[in-house]
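Numbering (my numbering), first residue to last: 819 to 1002. Quick reminder that beta carbons are idealized off the backbone N, C-alpha and C, glycines included.
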Amino acid sequence: MTLMKPEDGYRLNPLISREEIASVVKGLADQISEDYRGRELVLVCVLKGAFIFLSDLIRQLRISVQVDFVRLASYGDGMKTSGTIQVTKDIDIPVGGKDVLIVEDIIDSGRTLVFLKDRLAQLNPSSIKVCALLDKKSRREVEIEADYLGKEVDDVFVVGYGSDFNETYRHLPEIYYVTPIEEQ
Ligand code: IMP
Ligand code: MG
């Protein structure tokens, strides 16, 4: 199904189906369950985009984990992360001496994750890694890699499964990419 939004001048094109998302998430959860068995793991979900990914991921885990949330604001237009990032909601759980796994929806320039990783590292966790559902590797501006990656995607703007376009489309169970109507 292609969702047409001619009044907005763009359309949503299917990219990743529910079935594929479920299988990717299950694969990530299996690896994480194996790697962190017997450890004290805190998952730090980056709001808002990763909330659906996190909720599906934790229900596929076979280990006990703690969950916390961070919300970051970056200044820029609707489709780009600028250099200035601020924390608007911080984590509450003490992570010193524990393993931390950041759960993010999409890595784009990499600036959000570099900022967050550096900041959480100051709390002296015993390890800090990144689990991202999607990675637009070709867009990277700073050096960072996901330790657990769902899927690499091309340089397209995606929505659905938690990710938004100006706060819309987070509810879609599939992932779509946005194109201007003129390009069709
Ligand atoms: P970065 O700091 O440039 O890596 O941007 C990462 C942040 O921007 C992530 O938290 C995403 O939620 C958001 N983001 C990046 N690409 C997209 C996209 O295609 N659609 C929706 N959100 C995106
Ligand atoms: Mg985000």
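On the criterion of 16 or more Cβ atoms from any shown chain inside 10 Å, does residue i qualify as buried, or is it exposed?
{"i": "Val905", "result": "exposed"}
{"i": "Asp908", "result": "exposed"}
{"i": "Arg929", "result": "buried"}
{"i": "Glu961", "result": "exposed"}
{"i": "Glu1016", "result": "Within the shown structure, residues of the chain are numbered from 819 to 1002, placing residue 1016 beyond reach of any answer."}
{"i": "Gly856", "result": "exposed"}
{"i": "Val862", "result": "buried"}
{"i": "Val976", "result": "buried"}
Within the same chain, show all residues whose beta-carbon is closer than 6 Å to that of residue i, passing over the 5 residues directly before and after it, in chain order.
{"i": "Asp874", "result": "Val843"}
{"i": "Asn942", "result": "Gly914"}
{"i": "Leu1083", "result": "With the chain running from 819 to 1002 in the structure shown, residue 1083 is simply not present."}
{"i": "Phe869", "result": "Gly980"}
{"i": "Arg958", "result": "Gly928"}
{"i": "Ala891", "result": "Gln904, Thr906"}
{"i": "Ile834", "result": "Ile993"}
Kindly list the residues whose CB is nearer than 7 Å to the CB of residue i, restricted to its own chain and excluding five residues on each side of it in sequence; keep chain order.
{"i": "Gly827", "result": "Pro998, Ile999"}
{"i": "Gln878", "result": "Val843, Lys844, Ala847"}
{"i": "Asn831", "result": "Thr820, Tyr994, Tyr995, Thr997"}
{"i": "Ala939", "result": "Ile946"}
Tell me whether residue i sits in a helix, a strand or coil according to DSSP, three-state version.
{"i": "Leu875", "result": "helix"}
{"i": "Leu990", "result": "coil"}
{"i": "Ile962", "result": "coil"}
{"i": "Glu922", "result": "strand"}
{"i": "Ile850", "result": "helix"}
{"i": "Leu830", "result": "strand"}
{"i": "Leu861", "result": "strand"}
{"i": "Gly978", "result": "strand"}
{"i": "Ala950", "result": "strand"}
{"i": "Ser945", "result": "strand"}
By the DSSP assignment, the beta strand (DSSP E) with residue i in it spans what residues?
{"i": "Gly968", "result": "966-970"}
{"i": "Val913", "result": "Taken as a continuous stretch (DSSP letters only), Val913 belongs to no beta strand (DSSP E), as it is neither H nor E."}
{"i": "Gly886", "result": "As written in the sequence, residue 886 is Asp, which differs from the Gly given in the question. Asp886 -> beta strand (DSSP E) spans 883-892."}
Leaving out five residues on either side along the sequence, give the residues of the same chain with a beta carbon under 8 Å from the beta carbon of residue i.
{"i": "Tyr966", "result": "Leu846, Gln849, Ile850, Leu919, Lys947, Val948, Cys949, Ala950"}
{"i": "Arg937", "result": "Val905"}
{"i": "Arg836", "result": "Pro991, Glu992"}
{"i": "Ser945", "result": "Asp917, Val918"}
{"i": "Phe933", "result": "Leu890, Ile903"}
{"i": "Glu852", "result": "none"}
{"i": "Pro912", "result": "Leu941"}
Which residues mark the beginning and the end of the alpha helix (DSSP H) in which residue i is found?
{"i": "Asp936", "result": "929-939"}
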